[in-house]
Amino acid sequence: MFAIMLDASAGGQADKLPPPARMRTLGLIGGTSWYSTVDYYRYINKAVNDAYDNNTNPPLIVFNLNQQHINQLQDRGEWDEIASMFVDTIKRLQASGAQGIVFCSNTSHKIYDKVAASTEIPILHIGDATGLAIQKQRLKKVGLIGTQYTMEDPFLVDWLKQHYGIETVVPQSPAVRRELHRIIHQELGVGIFKPESKKYVLDEIEDLRKQGAQGIILGCTEFPLIIKPSDVSIPTFDTPLLHAQMAVDFIMGKPGLATVKPPRS
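So the sequence shown is residues 66 to 330, counted in my numbering.
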């Protein structure tokens, strides 16, 4: 597990910035979907630009997976095949100079343990980025929405419980979980943003709040494309934004030297 604190301030630390040539090279495994991968790329680059107050860019290597093929493997339950693809991708990224890896989706972390056991470089876990942010707000129980895999398989729920003592609740209805999954794959993942789908997601978030959730994990990297903090009455945890902050901390070699900022609503 790679964990790094996210709560240091970036202010007044310009003299502590690493020389650009000393920044660590990060490999991004994206394409699941490319819409959210773009957000990772933008967040990380802008944070580093802001830290140096110029157009200094971080060393990033992006490998774009074929989302259609990945989705087909997921539908058939061929997770070992997906894990093998990720291991192969990491080897290619490492050969190109990557010193750390980010999976640019929540669902991909279902295979984290299997992939991490077969690689030599750190993989920054989205559950660490999210868990630390929830801890910072002193919340004990949160709601989680994401793909069916993320909501129904305990890989993220267990990570948060085991490493951070956080209780997580998901929508109880299988029909609701299926519909959230459909919205992700058939709409958000292909750039379709419908007001009625946003309302559906917000209604399910409100239901989780009524179940005692003190905050909501947007546990699919596509949900922040339509759900903003101002839409929800309790704290939301934007997983790509938090994961990107963890990525920047890794690149800079120290937390707090650059701060990833949310896009303007």
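Even for Gly, the Cβ is constructed at its ideal location relative to N, Cα and C.
Reference residue i; option with closest CA among the options
i, options, result
"Arg274", "Val241, Pro300, Gly162", "Pro300"
"Met88", "Asp193, Pro320, Ser238", "Pro320"
"Ser183", "Phe151, Ser161, Gly162, Tyr214", "Phe151"
"Cys285", "Arg141, Ile166, Val235", "Val235"
"His308", "Arg243, Gln279, Met216, Asp193", "Asp193"
"Gln237", "Asn119, Asp272, Gln227, Leu225", "Asp272"
"Glu185", "Pro239, Trp224, Gln202, Gln164", "Gln164"
"Pro84", "Pro328, Ile316, Thr324, Lys326", "Ile316"
"Ala86", "Val297, Gly318, Arg141", "Gly318"
"His190", "Arg242, Leu221, Lys156", "Leu221"
"Gly230", "Leu197, Ala240, Gln251, Asn119", "Leu197"
"Val266", "Gln276, Gly277, Arg242", "Arg242"
"Asp140", "Ala148, Thr154, Tyr214", "Tyr214"
"Ile292", "Trp144, Pro327, Met216", "Pro327"
"Ile249", "Leu225, Gly211, Asp223, Ala240", "Gly211"
"Gln133", "Asp218, Gln227, Glu217, Gln251", "Gln251"
Range covered by the beta strand (DSSP E) that runs through residue i
i, result
"Glu232", "232 to 234"
"Thr195", "Looking at the DSSP string, Thr195 is not in any beta strand (DSSP E); the run it does join, the alpha helix (DSSP H), is 191 to 201."
"Ile166", "165 to 168"
"Lys206", "206 to 210"
Supposed contact pair residue j and residue i - C-beta distance, whole angstroms, cut 8 Å
i, j, result
"Leu138", "Glu146", "5 Å"
"Leu290", "Leu245", "With 8 Å as the limit, Leu290 and Leu245 do not qualify as a contact, their Cβ atoms being about 14 Å apart."
"Glu287", "Ser101", "5 Å"
"Ala116", "Leu82", "6 Å"
"Thr195", "Ile281", "Going by Cβ atoms, the distance from Thr195 to Ile281 rounds to 11 Å, so no, they are not a contact pair."
"Phe168", "Ile199", "With a Cβ gap of about 19 Å, Phe168 and Ile199 do not count as contacting."
First and last residue of the uninterrupted alpha helix (DSSP H) at residue i
i, result
"Phe315", "304 to 317"
"Phe220", "220 to 229"
"Leu245", "239 to 247"
"Phe151", "144 to 160"
"Asn110", "99 to 117"
"Asn129", "First-last for Asn129: 125 to 129, but that is the beta strand (DSSP E), not the alpha helix (DSSP H)."
"Ile270", "260 to 275"
"Ile135", "132 to 140"
"Val180", "177 to 181"
Residue burial classification, residue i (beta-carbon count within 10 angstroms, cutoff 16)
i, result
"Gly77", "Summary for Gly77: the model assigns pLDDT 46, below 50, so the residue's position carries little reliability, and this model does not support an answer."
"Phe258", "exposed"
"Asn171", "buried"
"Ala75", "For Ala75, the pLDDT reaches just 40, beneath the cut-off of 50, and the residue's location in the model is therefore unreliable, although a value from the coordinates is still provided. Ala75 is buried by the Cβ-count criterion."
"Val255", "exposed"
"Asp104", "buried"
"Pro305", "buried"
"Asp72", "Any reading at Asp72 must be qualified, since the residue scores a pLDDT of 38, below 50, and its modelled position is unreliable; no value is offered."
"Lys263", "buried"
"Glu269", "buried"
"Gln202", "exposed"
"Pro123", "buried"
"Ala278", "buried"
| query | Should the stretch 102 to 120 be called in touch with the stretch 309 to 318, which here means at least 3 C-beta pairs below 8 Å? | reply | Here the stretch 102 to 120 lies against the stretch 309 to 318, with 3 or more beta-carbon pairs under 8 Å apart.
| said: Can you confirm whether the stretch 116 to 135 touches the stretch 92 to 100 when touching is taken to mean that 3 or more C-beta pairs between the two stretches lie within less than 8 Å? | reply: Under the 8 Å Cβ criterion, the stretch 92 to 100 counts as touching the stretch 116 to 135, having at least three qualifying pairs.
| said: For the pair the stretch 204 to 214 and the stretch 176 to 186, tell me if three or more CB-CB distances fall below 8 Å. | reply: By the criterion of at least three beta-carbon pairs nearer than 8 Å, the stretch 204 to 214 is not in contact with the stretch 176 to 186.
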